[in-house]
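The sequence shown begins at 1027 in our numbering and counts up by one.
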Amino acid sequence: MVVESENGATIDAMPDERLLELILTKLDKATLAKTHCLQYIDPYGDTTFNMLQKPILLNEVLALEPLCDLSEREHLHKIIAFLKKHVDGIHTYVKFYGD
1027 MVVESENGAT
1037 IDAMPDERLL
1047 ELILTKLDKA
1057 TLAKTHCLQY
1067 IDPYGDTTFN
1077 MLQKPILLNE
1087 VLALEPLCDL
1097 SEREHLHKII
1107 AFLKKHVDGI
1117 HTYVKFYGD
């Protein structure tokens, strides 16, 4: 997971391998299909969220917390802190790079 400027320069980065794992294991397909952002994270391609989508992404990640065990929550809290740090950035994008 990377935060980039509008020119594609990296502003901040955080390894996020477990976020996709949490999404896929904690949300069934029907629930995932109802999300506005999480359902579009592509494990094989790149996914970008803009300044209007970042707050929605953060809320959807926050909603995963009750579904996680203690060790998963520790990692999820790091992801949440990272997203909160950058949620209000103007002309910045949260980007997930697939494999």
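Backbone N, C-alpha and C fix where the C-beta goes; we use that ideal spot for every residue, glycine too.
Approximately 6 Å separates the beta-carbon atoms of G1124 and D1072; this is inside 8 Å, confirming the contact. The stretch 1096 to 1114 and the stretch 1055 to 1072 do not touch, with fewer than three beta-carbon pairs separated by less than 8 Å. Proximity of the stretch 1033 to 1053 to the stretch 1090 to 1098 meets the contact definition, three or more beta-carbon pairs being nearer than 8 Å. A1089 and Q1079 have their C-alpha atoms spaced approximately 16 Å apart. Contact check for I1106 against V1087 passes: the beta carbons are separated by less than 8 Å.
Look at K1121 here: in three-state DSSP terms it is strand.
Between F1108 and M1040, the C-beta gap is smaller than 8 Å, which places the two residues in contact. A1039 has V1028 as its beta-bridge partners, per DSSP. Exposure of T1036 is indicated by the presence of fewer than 16 other C-beta atoms within 10 angstroms of its C-beta.
As computed with DSSP, F1075 is found in a beta bridge with V1120.
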